[in-house]
Amino acid sequence: MAHYASMGTIPPKRHTQHRDPQGNLYYEELMGEEGFSSDSSLLYHRRIPSEISAARAWELPDQTLTPNHPLKPLHLKLHDLFPPESSGVDAVTGRRLILGNGDVRISYVVADAPSPFYRNAIGDECVYVERGSAQVETVFGAFDVGRGDYLIIPRATTHRWLPKPPADDADGEPLRLYAVEAASHIAPPKNYRSKFGQLLEHSPYCERDLRPPLGPLLAEDVGADAGQETEVYVKHRGPGPGGIAGTIYTYPFHVLDVVGWDGCLYPYAFNVSDFEPITGRIHQPPPAHQVWEGWNFVICNFVPRKVDYHPLAIPVPYYHSNVDSDEVMFYVDGDYEARKGSGIGVGSVSLHPGGHAHGPQPGAMERSIGAEYFDELAVMVDTFRPLELGEGALACDDGRYLLSWHTPSS
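Throughout the sequence shown, residue numbering follows UniProt numbering, covering 1 to 410 in sequence.
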C-alpha cells in the first residue's frame, strides 16, 4: 500500500532491540517486495519465524489448464460447481480453478468450513466476496469481510478463512469467494496514484475507503495456546501442473505470534460500494471502471451508475475486439442489459477471448436507448496473455454461448 501504518508494539528504531516484559528479545522479520528495494513491513514475533519442525507435500486442487481451442466465447455457470448439499469445503483447499495463464489464475469456492492457515508464495491474491461473510485471521491482524468486499492479500501473508454460518449472515448466504491469484503484486492502478503513491483526486476511491487489519492478533485472542503446533499450507513454484506445487509446514508454535508491525506492506479490504463510478455523455470504456492492476492483467468493476446522457447515446457497450486481451466478466448482481437473451445471470462468468469481436446481444442496443441508470454489478479481469480453461470451467460451461449472437434466417 502507498501509506505507512503501525500496529501493536514496536521499538523506536528499526533493527534494534525489542523485548517482552520478561526481557526476552522479540524476533524481527522484514517482509518486503523486490528484495530490499520496494514496499516492506517489519513484523515482531514471539518465536523465530523460520522455525519449522516438519515439511510434507500438499496435493493441490487440480491446477491443470486446457487450451481454449477451437477458440470460443464461453458462459460458465459458477453456481453449478457447488450444489447446495455441499459441505465441509474450505476457502483454500476447496477452490476450483476456472481460468488461468502464467500471470493469473481465477478460482471459485463456496465454503462452510474453516480453512487451514495458508500463504501464497507465488503472488498477491485479490479475493472478492460474492456472498456470505467471514473472519479472516492474518499475521497482521484480523478482518471481518462480507458481501462486496475485496481483500488484497500480499504474497506470503499467512492467513486463514473462518466462514460465518449462513444464519449469521445478513443475506442468509454461504461464503462465496471469487479468487484472483497473481504471479505478481496487485495494487491500485498507477494512473490513480501520485509519483509518491497517494491516490489522486480523479481516482474513484481513496485511502479513506481502504480498511486495514484490526490487530495485532495473538494466539490467545483466538482461544489458542501460544505453544500450540500449527500447520501452514504454502502454494509455491514447483513441479506440478503450470509449475505450481504445495508444501505443508509444521511450526512448533501457533503462527499468530506477531506483537506489532509497521510499514507499507499489509493486507487491506475495500468494499465495491465505495467505488465512485466515472460516467459521461457517451459510453465510457472499461479503463474508467478499473479498480486494481497486476502484471499483465487488470481488474475492473461495473457498479450501479447513471449511464450516458448524450441525446443520441447508446448506453450498452459498442462491439469491440480486444486484440491484446482476454476479457472475463463475473456477473454478481443486478440486471445485465447487454446480455439479455444469452442465458447469463447472477453467478455467471463470460469469457470473450482475444480474436473474438463481442458486444451486446441482438436487440440490446435498441432496448437500451433512453435508459438513465444501470442496476448491475460485475467484476471483470482483462488479461494480456491468453487464458486456458481449468477443470472448473470445463465442468460448468453451458456449451451454447458462442451461438447467442446468431439469429438463423427463416
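Built from N, CA and C at the ideal position, the CB exists for glycine as well.
Everything numeric in this text was worked out from a predicted model, so none of it was measured.
Kindly indicate which three-state DSSP category residue i falls into: helix, strand or coil?
i, result
"G148", "coil"
"C264", "coil"
"H289", "helix"
"D326", "strand"
"G100", "strand"
"V298", "strand"
"S41", "strand"
"G246", "strand"
"K235", "strand"
"N271", "strand"
"E220", "helix"
"P163", "strand"
"D168", "helix"
"Y251", "strand"
"E207", "helix"
"R400", "coil"
"L256", "coil"
"S410", "Bear in mind that a pLDDT of 43 at S410, under 50, signals an unreliable position, so the number given afterwards is only what the model happens to contain. Three-state DSSP puts S410 in coil, outside helix and strand."
"S368", "helix"
"R281", "coil"
"D382", "strand"
"R176", "strand"
"E376", "strand"
"H15", "coil"
"A156", "coil"
"G392", "helix"
"N191", "helix"
Please return the same chain residues whose Cβ sits closer than 7 angstroms to the Cβ of residue i, not counting the five positions on each side in sequence.
i, result
"S87", "D112"
"S273", "G148"
"T66", "E388, L389 and L394"
"W405", "Q361 and P362"
"D375", "P304, G334 and D335"
Taking 6 angstroms as the limit between beta carbons, can you name the residues of its chain near residue i, skipping five residues before and five after?
i, result
"S410", "Residue confidence for S410 is low, a pLDDT of 43 falling below 50, so the modelled location carries little weight; the figure read from the coordinates is stated next. Nothing listed; no residue qualifies."
"S321", "A357"
"residue 434", "No answer is possible for residue 434: it lies beyond the span of the chain, which begins at 1 and ends at 410."
"P12", "none"
"K329", "For the sequence presented, residue 329 should be read as Met rather than Lys. Result list for M329: S350, A378 and M380, in chain order."
Thinking C-beta only, is residue j closer than 8 angstroms to residue i?
i, j, result
"L175", "P188", "no"
"A55", "Y249", "yes"
"Y118", "H185", "no"
"D39", "L200", "no"
"Y27", "H45", "yes"
"W161", "V92", "yes"
"E391", "R96", "yes"
"D262", "S37", "no"
"G132", "E173", "yes"
"I152", "P267", "yes"
"V298", "P277", "no"
"T383", "D335", "no"
"L76", "S348", "yes"
"A156", "A121", "yes"
"D90", "P114", "yes"
"Y319", "G359", "yes"
"P386", "P408", "no"
When we look at the beta-carbon of residue i and count the other beta-carbons within 10 Å, is it buried (16 or more) or exposed?
i, result
"V323", "exposed"
"Y331", "buried"
"K235", "buried"
"Y401", "buried"
"P216", "buried"
"P315", "buried"
"H3", "exposed"
"A226", "exposed"
"G399", "exposed"
"R281", "exposed"
"R208", "exposed"
"P83", "exposed"
"F196", "exposed"
"L42", "buried"
"D221", "exposed"
"L30", "exposed"
"G355", "exposed"
"D20", "exposed"
"N24", "exposed"
Is residue i near the ligand HEM, with its Cβ less than 7 angstroms from a heavy atom?
i, result
"G294", "Here there are no bound small molecules, and the ligand HEM is not part of this structure."
Going by beta carbon distance, what residues of the same chain come within less than 8 angstroms of residue i, once the five residues before and after it are set aside?
i, result
"G240", "L60, Q63 and G246"
"E231", "P116, F117, I248, Y249, T250 and Y251"
"D171", "R131, G132 and R147"
Is there contact here, the segment 235 to 249 with the segment 127 to 138, by at least three beta-carbon pairs under 8 angstroms?
-> no
Is the segment 130 to 140 touching the segment 216 to 225 in the sense that three or more CB pairs, one from each, lie closer than 8 angstroms?
-> yes
Meets three-Cβ-pair contact criterion under 8 angstroms: the segment 363 to 371 and the segment 287 to 297 | no
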